Amino acid sequence: MTLQKEYDFVFLTNTPSFYKLNLCKEITGAGKSLLLVLYGYGSDAVNKELQGSNKSFDFIFLHNGDINRRNKVKVFARLVSLMSKIKANRVLFSGWVSPEYNLYSMISPKKRNAIISESAIWDIDMRGIKGWIKRRIIRRMSAALPSGIPHKEFFIQLGYPSKCNITGSVGILNKSENKGTKRINHPLRYLFVGRLIELKNLRLLVDVFNRNGKPLTIVGAGELEKELKAVAKPNISFSGFVDNEKIGQIYQSHDVFILPSYSETWGLVVEEAIYWGLPVIVSNRVGCGQDMVTQLGTGVIFNSESADDLNDKISMIETNYQSYFDAVAKVDFNKRAENQVNAYIDLLQ
9 MTLQKEYDFV
19 FLTNTPSFYK
29 LNLCKEITGA
39 GKSLLLVLYG
49 YGSDAVNKEL
59 QGSNKSFDFI
69 FLHNGDINRR
79 NKVKVFARLV
89 SLMSKIKANR
99 VLFSGWVSPE
109 YNLYSMISPK
119 KRNAIISESA
129 IWDIDMRGIK
139 GWIKRRIIRR
149 MSAALPSGIP
159 HKEFFIQLGY
169 PSKCNITGSV
179 GILNKSENKG
189 TKRINHPLRY
199 LFVGRLIELK
209 NLRLLVDVFN
219 RNGKPLTIVG
229 AGELEKELKA
239 VAKPNISFSG
249 FVDNEKIGQI
259 YQSHDVFILP
269 SYSETWGLVV
279 EEAIYWGLPV
289 IVSNRVGCGQ
299 DMVTQLGTGV
309 IFNSESADDL
319 NDKISMIETN
329 YQSYFDAVAK
339 VDFNKRAENQ
349 VNAYIDLLQ
């Protein structure tokens with residue numbers, strides 16, 4: 009790929025994912041030029057390749073292959089070489105997880121640096137050497153792009169003095185032309201979609217539904233799958249991993265989405281559920297809770313450590329289901345995408 013000599017945005021991130029790619033497309037669709045810089049594929053990458061057609065933005069890999077096997081010195085050298093050959097109005101840094109990008113922020117002019125923060129205030133540890141490094145990185149940024157309210161709260165608490173634009177998400181969803189009309193089941197059918205790992209707090213979820221007997225579908229795979237299946241009662245079914253192309257049908261055949269995580273920086277899957285017409289129940293440790301649930305009235309929030317509270321919130325959803333269902337239907341995802349893109353474009357002013 010032949011690169012341009014100048015870009016409005018150079019976006020430094022780790023691996024390609026559909027929501028990042030969609031965001032890049034929307035930014036360039038608004039008339040801005042963008043170079044996406046990556047350093048490999050990873051197990052969490054939704055898109056294994058960036059091939060094909062209809063890419064409205066440029067991209068480059070500093071390392072091809074497993075991100076965990078990359079040579080960080082070589083990646084940093086390639087980044088410095090790349091940036092010496094192009095001009096960028098804004099350099100977007102995805103958090104502070106990459107040593108190569110962190111180091112580059114120290115030599116990149118502060119006036120063009122902006123940090124994208126997907127971590128809520130309760131997920132960020134500012135103690136010790138790691139906290140010192142984060143403060144140093146943030147001081148090198150002339151703008152911040154926190155995903156939501158609890159993400160911006162971190163910068164407020166830190167006394168961050170520069171521009172701080174809430175983006176309203178971590179990227180842009182895949183939308184469907186064949187969405188159809190959501191029909192309500194009786195009784196209501198509950199759904200979880202995600203990896204079956206410790207952080208998702210699935211033991212509590214299964215315990216609650218073992219006791220209340222309500223229909224629950226668990227979609228996904230992971231290390232806890234065998235354990236959860238062994239204790240789940242017949243009202244709980246497991247669907248395994250489902251491709252993105254088919255996930256819409258799963259959502260629309262259910263009525264309430266639950267994300268009980270102990271820790272979730274944002275929770276794009278919550279947006280996905282709302283897009284497909286489902287009211288949601290999320291834990292108080294899900295980063296998008298204030299922005300996507302409380303502010304929009306699309307569902308309820310429960311204490312991640314309390315099975316009783318989850319049961320109470322299930323009852324609340326069932327008692328007031330129609331009002332939550334109506335609130336979900338009013339969420340304008342096109343407007344949310346537009347606002348997200350504008351949060352980035354505003355940095356060029």
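The sequence shown finishes on residue 357 if you use our numbering, and the numbering steps up by one all the way, no holes.
Note that beta-carbon positions come from the ideal geometry of N, C-alpha and C, so glycine has one too.
Model, not experiment: these values are computed from the prediction.
In whole angstroms, what is the alpha-carbon distance linking Asn173 and Leu286? Whole-angstrom Cα-Cα distance: 28 Å.
CB contact flag (Leu31, Gly179, <7 Å): Gly179 sits close to Leu31, with the two beta carbons spaced by under 7 Å.
If contact is defined by three or more beta carbon pairs under 8 Å, each pair taking one atom from either stretch, is the region 33 to 49 in contact with the region 126 to 146? Touching, no, given that fewer than three Cβ pairs across the two stretches are closer than 8 Å.
Of the listed residues Lys28, Leu356 and Leu11, nearest to Ala345 (C-alpha basis): Comparing Cα-Cα distances from Ala345 to each of Lys28, Leu356 and Leu11, the minimum goes to Lys28.
Report the option in Gly39, Tyr329 and Val88 whose CA atom is closest to the CA atom of Pro195. Ranking Gly39, Tyr329 and Val88 by CA distance to the CA of Pro195 puts Tyr329 first.
Alpha carbons only, please: which of Asp354, Cys296 and Asn292 is nearest the one belonging to Asn209? For Asn209, the closest alpha carbon among the candidates Asp354, Cys296 and Asn292 is that of Asn292.
Val250 (DSSP reduced to helix, strand or coil): Residue state, collapsed to three classes: coil.
Would you report the Cα separation of Phe19 and Arg120, rounded to the nearest angstrom? Between the C-alpha atoms of Phe19 and Arg120 there is a straight-line separation of about 12 Å.
Alpha-carbon spacing of Ser184 relative to Gln260, whole angstroms: Distance between the alpha carbons of Ser184 and Gln260 is about 12 Å.
Thinking just about the alpha-carbon of each residue, which of Ser113, Ala281, Phe246 and Ser312 is nearest to the one in Lys234? Checking every option, the nearest Cα to that of Lys234 belongs to Phe246.
Taking the C-alpha atoms as reference points, what is the distance between Tyr109 and Phe101? Distance between the alpha carbons of Tyr109 and Phe101: 7 Å.
Local conformation of Phe333 per DSSP, three classes: Correct three-state label for Phe333: helix.
Mind checking Gln348: buried by the 16 CB within 10 Å criterion, or exposed? That one is buried.
Bridge partners - Ser125, DSSP secondary structure assignment: The bridge partners DSSP lists for Ser125 are Pro154.
Can you give me the C-alpha to C-alpha distance between Pro117 and Lys33, rounded to a whole angstrom? Using only the alpha carbons, I get a separation of about 26 Å.
May I ask you to report which of helix, strand or coil DSSP gives Ala53? Here Ala53 scores only 49 on pLDDT, less than 50, and its place in the model is too uncertain to base an answer on.
Let's test the definition: count the other Cβ atoms within 10 Å of the Cβ of Lys187 and tell me whether it reaches 16, buried, or not, exposed. Answer is exposed; the Cβ neighbour count stays below 16.
If you compare alpha carbons, which of His262, Asp316, Ile75 and Tyr15 is closest to Arg191? Out of His262, Asp316, Ile75 and Tyr15, His262 has the C-alpha closest to the C-alpha of Arg191.
Could you compute how far the alpha carbon of Ser61 sits from the alpha carbon of Asn72? Residue confidence is low: Ser61 scores 45 on pLDDT, short of 50, so the model does not pin down where it sits. No coordinate-derived value is stated.
Asn193 to Val264, Cα distance in whole Å? Each residue's Cα considered, the two are about 10 Å apart.
Since Ala240 and Val214 are thought to touch, with beta carbons under 8 Å apart, how far apart are those beta carbons, to the nearest angstrom? Contact holds; Cβ gap of about 5 Å.
Assuming Gly307 and Ile289 are in contact, meaning their beta carbons sit under 8 Å apart, how far apart are those beta carbons, in whole angstroms? Contact flag correct, Cβ pair sits at about 6 Å.
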